[in-house]
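Peer 1: One structure, pasted below without further comment.
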Amino acid sequence: MVQVFFAKVKSVLSADTLILTSPTGNQERTLSLAYLQSPRLQSNEKYAFEARELLRTLLVGKQVKFWVLYKNSSNRDFGDISTPIFPSLIKYVLSKGAAKIKDNANSFDDEEDLENFKKIQKEAEIEKIGIWNPSYKKLEIIDKPPSSFIGSNSIEINSIVEKVLSGDRLLIRLLLSSNQHSIVPILIAGIKTPRSSSNDEPAEEYGDEAKSFVENRLLLRSVKVHLLGESLTGVLVGNIIHPNGNIADNLLQDGYAEVVDWQSSLIGVKEMTKFRKEEKEARNSGQRIWKKFAASRPATNSSNTDNDSDLTIGKRIDAVVSRVISSDTISLRLKNDKDVTVQLISLRAPRQSDPTTSPFVAAAKEYTRHKLIGKHVDVVVESIREGNEQFEERPQVTIRTSDGKNINEDIVANGYASVIRHRRGEVKPDYWDGLIEIESMATKGKKGIHGKVPSSSGNLVDASENAMRAKPYLFSFQNRNKISGVVDHVISSTRFRINIPKEGVRLILVLGGLANTSKRDDEIVKKSLDLANKKFYQRDVNIEIYGVDKVGGFIGNIFLPNSNVPFQVTLLKDGLVEIHERSLAETKYGTQLKSAQNEAKEKKVGIWENYDPSIEAAAEITTQMENLRIERKYLDAEVCEVLDNGLIALHILDSEKAKLKSFMQRLHSASSSFPINSSPKRNEVVAAKLKDNGKFYRAKILEVNRNERTVKVQHLDYGTIEKISVSNIRTLPAEFSISNFKPQAHIAQLSLINMPPKNQEDYFKEAIYFLEDNLLDSQVIACVTYTNPKPDVEFDVEIYHPDVISKDPSKSVNKDMVSQGWGLVKKKNFSQFELLLKKEQDDLLALENEAKSLHIGCWEFGDVEGDEDF
Numbered sequence: 001m002v003q004v005f006f007a008k009v010k011s012v013l014s015a016d017t018l019i020l021t022s023p024t025g026n027q028e029r030t031l032s033l034a035y036l037q038s039p040r041l042q043s044n045e046k047y048a049f050e051a052r053e054l055l056r057t058l059l060v061g062k063q064v065k066f067w068v069l070y071k072n073s074s075n076r077d078f079g080d081i082s083t084p085i086f087p088s089l090i091k092y093v094l095s096k097g098a099a100k101i102k103d104n105a106n107s108f109d110d111e112e113d114l115e116n117f118k119k120i121q122k123e124a125e126i127e128k129i130g131i132w133n134p135s136y137k138k139l140e141i142i143d144k145p146p147s148s149f150i151g152s153n154s155i156e157i158n159s160i161v162e163k164v165l166s167g168d169r170l171l172i173r174l175l176l177s178s179n180q181h182s183i184v185p186i187l188i189a190g191i192k193t194p195r196s197s198s199n200d201e202p203a204e205e206y207g208d209e210a211k212s213f214v215e216n217r218l219l220l221r222s223v224k225v226h227l228l229g230e231s232l233t234g235v236l237v238g239n240i241i242h243p244n245g246n247i248a249d250n251l252l253q254d255g256y257a258e259v260v261d262w263q264s265s266l267i268g269v270k271e272m273t274k275f276r277k278e279e280k281e282a283r284n285s286g287q288r289i290w291k292k293f294a295a296s297r298p299a300t301n302s303s304n305t306d307n308d309s310d311l312t313i314g315k316r317i318d319a320v321v322s323r324v325i326s327s328d329t330i331s332l333r334l335k336n337d338k339d340v341t342v343q344l345i346s347l348r349a350p351r352q353s354d355p356t357t358s359p360f361v362a363a364a365k366e367y368t369r370h371k372l373i374g375k376h377v378d379v380v381v382e383s384i385r386e387g388n389e390q391f392e393e394r395p396q397v398t399i400r401t402s403d404g405k406n407i408n409e410d411i412v413a414n415g416y417a418s419v420i421r422h423r424r425g426e427v428k429p430d431y432w433d434g435l436i437e438i439e440s441m442a443t444k445g446k447k448g449i450h451g452k453v454p455s456s457s458g459n460l461v462d463a464s465e466n467a468m469r470a471k472p473y474l475f476s477f478q479n480r481n482k483i484s485g486v487v488d489h490v491i492s493s494t495r496f497r498i499n500i501p502k503e504g505v506r507l508i509l510v511l512g513g514l515a516n517t518s519k520r521d522d523e524i525v526k527k528s529l530d531l532a533n534k535k536f537y538q539r540d541v542n543i544e545i546y547g548v549d550k551v552g553g554f555i556g557n558i559f560l561p562n563s564n565v566p567f568q569v570t571l572l573k574d575g576l577v578e579i580h581e582r583s584l585a586e587t588k589y590g591t592q593l594k595s596a597q598n599e600a601k602e603k604k605v606g607i608w609e610n611y612d613p614s615i616e617a618a619a620e621i622t623t624q625m626e627n628l629r630i631e632r633k634y635l636d637a638e639v640c641e642v643l644d645n646g647l648i649a650l651h652i653l654d655s656e657k658a659k660l661k662s663f664m665q666r667l668h669s670a671s672s673s674f675p676i677n678s679s680p681k682r683n684e685v686v687a688a689k690l691k692d693n694g695k696f697y698r699a700k701i702l703e704v705n706r707n708e709r710t711v712k713v714q715h716l717d718y719g720t721i722e723k724i725s726v727s728n729i730r731t732l733p734a735e736f737s738i739s740n741f742k743p744q745a746h747i748a749q750l751s752l753i754n755m756p757p758k759n760q761e762d763y764f765k766e767a768i769y770f771l772e773d774n775l776l777d778s779q780v781i782a783c784v785t786y787t788n789p790k791p792d793v794e795f796d797v798e799i800y801h802p803d804v805i806s807k808d809p810s811k812s813v814n815k816d817m818v819s820q821g822w823g824l825v826k827k828k829n830f831s832q833f834e835l836l837l838k839k840e841q842d843d844l845l846a847l848e849n850e851a852k853s854l855h856i857g858c859w860e861f862g863d864v865e866g867d868e869d870f
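Okay, structure coming up:
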């Protein structure tokens, strides 16, 4: 019995020879059909192509069974193949006239099979099938297709991939007509894969994998070919279209290939843009050849993170253009009010250092300023230019305006930047090929840097050089309603350098009616300067002038376009400046300025933050102090938790506390059906699983960490604070809400007691241990001196042990903590009610002084208070 194997048909060399691969695809085997000889395809024998086609269309890529009948002297395998369609490929080939029995077949022992094969062959001969048909003519094979087939994407040639030479190069049989073929190497259009291995050179990384990728999909497959042109060495370039699509798309998407620029003109902008998008997606996800690129990228949590200042590759943000440095470099103001400088990707602005473009520097900057300054734009970070000794790291971006216009393209189209021809490996935007085409059109149209050198008549006279030079201009300016200009520099919130191109002058504008702010608090000055920059830097403005100061500055007002309100009003309303009383009479906006300042005073903003308009307010505070009383309330309680900050959680032993046990039993029983809460929010009341016993309790969310998927919670009925996973949070049904049953843990602070400083870590821990040893799980008497003394604290208390207070009513845990050196008496920053606890403070201070003198507890090495806020 012969042994039967399973395999997949990888290739068909001729009608009698096939290449098989193992089911796992890692081994190949050549099998020739026993006893048969078919026409040779390599030498273009008659009917060789048709015979091979019979098997190619039937078997390539299919699973088959095969067995070896004999081997020749060179150990070559001869056998047969079966499929669900036929039990013997030998018989099938003979019946189709695709091969004949070898002349020396009689030398084999299988006489019965040979006789059967000869009968099948005889029938084919009689019916003149295949090679037995005398009317078949030999195919014409030409070296290269006619030029009429090359250079058009509309001409589609039916073809067969004869061999995969590498991941981006194929040997293809072009079926030019029914009797004329051309077998030529073709470069897959638009891409380049790593070099595959050869006898002379080893493979580059992923080179053999790319070749195998293409072989598995295209070898001996029927494809459509569009011949787009030729390389410099005369190799044809074409789109290879399989029924499942263009193989170039697959190679790019899976990270086996990169886009090649030189074929852009052959392929066209639309197709190249698609290729670049596919390359970009593979690069950003670190696919295969791009894994090193992905590893070198800055880490980021998400392209949609709220941290706009983290401009990582692929991120898309909204921003406002705050400054134009040149036609390829701008500053953006982000949502967090931070400014970041970015460069328009693939653009090179005119440079002063380049004699051919230096005359266009100012015009290019002005064009970009006019288009962008102050505009809301959509920004996509395409790459990050690495920093070096000469240049800082800088995001390279694409910018689009609110109407969707691509500014990178617009600047190139108007001739105010050239397109960078990137080195291999440098990131290009999807639309780079379009930029090249746009630049070509700008060159033909002689726009910007591609046209005539502009005249140098744009130099401006400095009208504010000194007072003598300024006064003649004053007579021209002061009788005009509004003068158009551009803010070249913001010196301070009240002084601006203005360019007025129509007048051919540059001047300093000093805002009238305002006092000098140069000596004002630094923070206020910084805030006002930032506001002025945000509103006016490089903006088109209107100005009014009505005076000149001693150093040549022009006194007047500044307005944004389409506004009749001077900027002084905004500054005054925000409390960033104050009016200069004597100069108010000189401006027609005096009433508005005074009203704006009064508004700021009422709101107590900026420099008026501590403004006190009325004595009655102070008298009211004094009255409140006189009416304040300490009304002590004694509660039976149990300490259920000591918190890390020295606060304690109490259970008040009343009728509500008596219900807690049964309430918890019901909650625990029902908790398995509570819905999962996958998006917890701060201050939300939920059901949270306690780490110690795995049961759910009512809790309030204190903090949410989206990155770690954790939350910090405080259990409302026991006071415990812990950090748990979001997966341990459940939505709390209304039946168990805090409105139906109030939280039973009451947070309290020990009256007039501070913990040791946190920088004294050992003493701080010992103080916590003191509280735990003396209070945790103990029944106590809590004397409430005040309720809600500060946020998240319900009671200010003095704590007593029942068995101690019966013997000495004055001995409290507060006093014990101080006398043993673990509590520090509060000495400043008192709340109003604490000022009424003077006697209690004096008693505690006496105990503290004694502990200090005995070097007890945290006083063992001296004073630990330092500058802490006690």
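The sequence shown: position 405 = 405 (the UniProt record's numbering), numbered continuously. A virtual CB, placed ideally from N, CA and C, is assigned to each residue, including glycine. Bear in mind that the values here come from a model prediction, so they are computed numbers and not experimental data.
Is the Cβ-Cβ distance between Leu344 and Asp328 less than 8 Å?
Peer 2: Result yes, Cβ atoms of Leu344 and Asp328 sit closer than 8 Å.
Peer 1: Using C-beta distances below 8 Å, list every residue in its chain close to Lys163, excluding the 5 sequence neighbours before and after it, in chain order.
Peer 2: The residues are Leu170, Leu171 and Leu219.
Peer 1: Mind the definition here: the stretch 462-476 touches the stretch 524-533 only if three or more C-beta pairs lie below 8 Å; say whether that holds.
Peer 2: Because the criterion of three Cβ pairs below 8 Å is not met, the stretch 462-476 and the stretch 524-533 do not touch.
Peer 1: Which first and last residues belong to the beta strand (DSSP E) in which Ala649 is found?
Peer 2: Unbroken beta strand (DSSP E) run through Ala649: Ile648 to Ile652.
Peer 1: Run through the stretch 24-103 for me and flag every whole beta strand (DSSP E) of 3 or more residues, listed as ranges in chain order.
Peer 2: Correct list: 28-33, 63-71 and 77-82.
Peer 1: Measure from the alpha carbon of Phe833 to the alpha carbon of each residue in Arg706, Ile630 and His801, then state which is nearest.
Peer 2: Closest by alpha carbon: Ile630.
Peer 1: Within 10 angstroms of the Cβ of Asn728, are there 16 or more other Cβ atoms? Answer buried if so, exposed if not.
Peer 2: Asn728 should be labelled buried.
Peer 1: Taking three-plus beta-carbon pairs below 8 Å as touching, is the stretch 254-261 in contact with the stretch 229-239?
Peer 2: Cβ pair count under 8 Å is below three, so no.
Peer 1: One question on the structure: do Asp430 and Thr273 come within less than 8 Å of each other, judged by their Cβ atoms?
Peer 2: Taking 8 Å as the Cβ cut-off, Asp430 and Thr273 qualify as a contacting pair.
Peer 1: Hey, quick one: how far does the alpha helix (DSSP H) through Ile436 stretch, first residue to last?
Peer 2: Trp432 to Lys444 is the span of the alpha helix (DSSP H), which, as asked, contains Ile436.
Peer 1: Are the CB atoms of Gln714 and Ile724 within a distance shorter than 8 Å?
Peer 2: No, they are not a contact pair.
Peer 1: Nearest to Ile141 by CA position, among Asp816, Thr193, Lys277 and Asn44, is which residue?
Peer 2: Cα-wise, what sits closest to Ile141 is Asn44.
Peer 1: Please give the ranges of any alpha helix (DSSP H) in the UniProt domain "TNase-like" (481-610), keeping only runs that are unbroken, at least 4 residues long and fully inside the region.
Peer 2: You should have 522-536, 567-573 and 590-603.
Peer 1: Smallest Cα separation from Gly25: which of Pro39, Leu13, Ala7 and Tyr35?
Peer 2: When only C-alpha atoms are compared, the closest one is Ala7.
Peer 1: Put Val427 into one of helix, strand or coil per three-state DSSP.
Peer 2: Val427 falls in the coil class under three-state DSSP.
Peer 1: Three or more C-beta pairs under 8 Å: does that hold for the stretch 689-709 against the stretch 760-778?
Peer 2: The stretch 689-709, when compared against the stretch 760-778, does not touch it at the 8 Å Cβ threshold.
Peer 1: What's the gap between the Cα of Phe736 and the Cα of Lys695?
Peer 2: Approximately 15 Å, taken between the alpha carbons.
Peer 1: In three-state DSSP terms, what is Arg666?
Peer 2: Here Arg666 sits in helix by DSSP.
Peer 1: What is the DSSP secondary structure of Leu139, reduced to helix, strand or coil?
Peer 2: Correct three-state label for Leu139: coil.
Peer 1: Is it the case that the Cβ atoms of Ile131 and Tyr70 are separated by a distance below 8 Å?
Peer 2: Their beta carbons are not under 8 Å apart, which means Ile131 does not touch Tyr70 by this criterion.
Peer 1: Buried or exposed: Met468, going by 16 or more other Cβ atoms within 10 Å of its Cβ?
Peer 2: The residue is exposed, with fewer than 16 neighbouring Cβ atoms inside 10 Å.
Peer 1: Express the C-alpha separation of Ser38 and Lys122 in angstroms, rounding to a whole number.
Peer 2: Between Lys122 and Ser38, the C-alpha separation is close to 16 Å.
Peer 1: Could you check whether Gly434 and Val269 sit closer than 8 Å to each other, using their CB atoms as the reference points?
Peer 2: Contact flag set, yes.
Peer 1: For the alpha helix (DSSP H) containing Leu370, name the first residue and the last one.
Peer 2: Sequence check: residue 370 is His here, not Leu. Note, His370: alpha helix (DSSP H), Val361 to Leu372.
Peer 1: Note the first and the last residue of the continuous beta strand (DSSP E) segment covering Thr329.
Peer 2: Residues Thr329 to Arg333.
Peer 1: Would a C-beta distance cut-off of 8 Å place Arg323 and Ile330 closer than the cut-off?
Peer 2: Yes.
Peer 1: Going by the beta-carbon positions, is the gap between Ile637 and Leu650 smaller than 8 Å?
Peer 2: Here residue 637 turns out to be Ala, not Ile, going by the sequence shown. Against a cut-off of 8 Å, the Cβ pair of Leu650 and Ala637 comes out as a contact.
Peer 1: Can at least three beta-carbon pairs, one atom from the stretch 810-824 and one from the stretch 844-855, be found at a separation below 8 Å?
Peer 2: Output reads yes: the stretch 844-855 touches the stretch 810-824.
Peer 1: Out of Lys118, Gly415, Lys447 and Ile85, which has the shortest C-alpha to C-alpha gap to Asp103?
Peer 2: Measuring from the Cα of Asp103, the nearest candidate turns out to be Lys118.
Peer 1: Distance check for Gly425 and Val237, CA to CA, integer angstroms please.
Peer 2: Answer to the nearest angstrom: the Cα atoms are 22 Å apart.
Peer 1: Quick one: grab the DSSP three-state call for His422.
Peer 2: If DSSP states are grouped into helix, strand and coil, His422 belongs with coil.
Peer 1: Note down, in chain order, each residue of its chain lying with its Cβ closer than 8 Å to the Cβ of Thr731, except the 5 sequence neighbours on either side.
Peer 2: Correct list, in chain order: Phe674, Pro675, Ile676, Asn677, Val686 and Ala687.
Peer 1: Where Val381 and Asp337 are concerned, what is the direct C-alpha to C-alpha distance, given to the nearest angstrom?
Peer 2: Computed Cα separation, rounded: 19 Å.
Peer 1: May I ask you to list the residues that DSSP assigns as paired with Cys783?
Peer 2: Beta-bridge pairing links Cys783 to Tyr634 and Glu798.
Peer 1: Which whole-angstrom value is the C-beta distance of Arg52 and Leu41, which I expect to be below 8 Å?
Peer 2: Arg52 to Leu41, Cβ: 5 Å. Contact.
Peer 1: Is the number of C-beta pairs between the stretch 439-451 and the stretch 481-499 that are closer than 8 Å three or more?
Peer 2: Verdict: no, contact absent.
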